[in-house]
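All letters in the sequence shown, in the order written, are residues 13 to 304 by the working numbering.
In this text, a Cβ means the ideal position worked out from N, Cα and C, and glycines have one as well.
This structure is a prediction, so every number in the text was calculated from the model and none was measured.
Reading through the structure tokens given below for one structure.
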Amino acid sequence: MADGDPVVEAVFDAVAATAPAIRDALPGRRVADGAENPSGETVLAGDLYADELLADALTAIDGVGAYVSEERPEATDAGEGYSVAIDPLDGSSNLRSNNAMGTVVGVYDAPLPATGRDLVAAGYTLYGPITTMIVADASGVREEVVERDPDADGGVSRSVVAEDLTLPDDPTVYGFGGRVPDWTDPFRAYAREVESELKLRYGGSMVGDVNQVVTYGGVFAYPALTDAPEGKLRLSFEGNPIAYVIERMGGASSDGSGSILDVEPTGLHDRVPVYVGNEALIERLEDAVADD
Ligand code: AHM
Ligand code: MG
């Protein structure tokens, strides 16, 4: 089930072990605490709480050299080893409306910022009606159900419910972020085509929306916008880990011109347009936005 890298296994053990505590804390943390994260967005208390829990658990692992979080301006040094990039509570604006959220994790064998080619594993936890965890590593991609279990190691039991996951061949869903008037003309034209072929599934949390594509096949995008050519999502914490998962499943990722994993970062909190899904849909997207 795992690739045998004990540090990668320990990272996913820690992410799974914190999931029940993160979930438990959500009901009391539906208000903004007024702080701003390094990307200038108001941080909900839930983000900060999850960040603290994950930082404590991940920096305690031998072989993790840095904890790098969407909620922290700089990397937190933890010794020698992999850099673990975390979006502690992705889709946290869904907390008010009680919709899906998740935790995104990327394990890089390099100091950050680095390209996605330095990822050795990536995945996400999805706090939906049940807690699931997608783990992608050298051995493939699997889905686990994570449940609180006081008798188990780390206080959670993990059951593998699907192994060697690949994207379904016959795509059925799409979900595109941002406001339609802010999309570029070429992307709007592409969306027009896609919406006549696939069903819309968009919930406003990347992990929830990507998991629709993982489950049913299709395409997820948070595109380049006319007033924000880099889109909204962050390369190190969101774009690269999700691109790694989808590519390991036989799908494709793009920033509009090539794999997200090849994007050269200039800083820890860089943003990147994100297009992921079945290969044919991403090829069409690249053809459509090529002259953008
Ligand atoms: P967050 O990490 O601050 O929650 O922001 C990222 C989220 C993604 O989960 C989601 O794809 C996107 O923002 C949704 O943005 P919008 O509300 O503009 O559609
Ligand atoms: Mg996020």
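Which of helix, strand or coil does DSSP assign to residue i?
i, result
"Ser269", "coil"
"Glu298", "helix"
"Met113", "strand"
"Ser95", "strand"
"Glu83", "coil"
"Gly229", "coil"
"Gly248", "Checking the sequence, you will find Ser at residue 248 rather than Gly. Helix, per DSSP."
"Leu237", "strand"
"Met13", "Note that Met13 scores a pLDDT of 46, beneath 50, so its modelled location is shaky; the value from the coordinates is reported in the next line. DSSP places Met13 in coil when its eight states are reduced to three."
"Thr127", "coil"
Taking 7 Å as the limit between beta carbons, can you name the residues of its chain near residue i, skipping five residues before and five after?
i, result
"Ile142", "Val157"
For residue i, which residues in the same chain have their Cβ closer than 6 Å to its Cβ, ignoring the five residues on either side in sequence?
i, result
"Tyr120", "Ser95, Ala126, Asp130 and Leu131"
"Ala14", "With a pLDDT of 48 at Ala14, under the threshold of 50, the modelled position of that residue is not reliable, and the figure given next carries that caveat. Answer for Ala14: Glu21, listed in chain order."
"Pro285", "Pro235, Ala236, Gly243, Asp267 and Gly268"
Based on DSSP bridge pairs, tell me the residues matched to residue i.
i, result
"Asp102", "Gly114"
"Leu177", "In the DSSP output, where bridge partners are listed per residue, Leu177 has none listed."
"Leu212", "Tyr186"
"Arg160", "Val168"
"Tyr202", "Bridge partners of Tyr202: none, in fact."
"Tyr139", "Met113 and Thr143"
Do residue i and residue j have their C-beta atoms closer together than 7 Å?
i, j, result
"Ala273", "Ala255", "The question names Ala, but residue 273 in the sequence shown is Leu. In this structure, Ala255 lies closer than 7 Å to Leu273 by Cβ."
"Gly230", "Leu245", "no"
"Phe232", "Val147", "no"
"Ala90", "Val76", "yes"
"Val225", "Gly289", "yes"
"Thr88", "Pro100", "no"
"Met113", "Gly103", "yes"
Would you say residue i lies against chain D (beta-carbon separation less than 7 Å)?
i, result
"Asp221", "Structure shown: chain D not included; a single protein chain is present."
Quick one: what's got a C-beta closer than 8 Å to residue i's C-beta in the same chain, skipping five residues either side?
i, result
"Thr238", "Asp194, Trp195 and Thr196"
Q: Decide if the stretch 211 to 224 is in contact with the stretch 183 to 195; the criterion is three or more beta carbon pairs, one per stretch, under 8 Å apart.
A: yes
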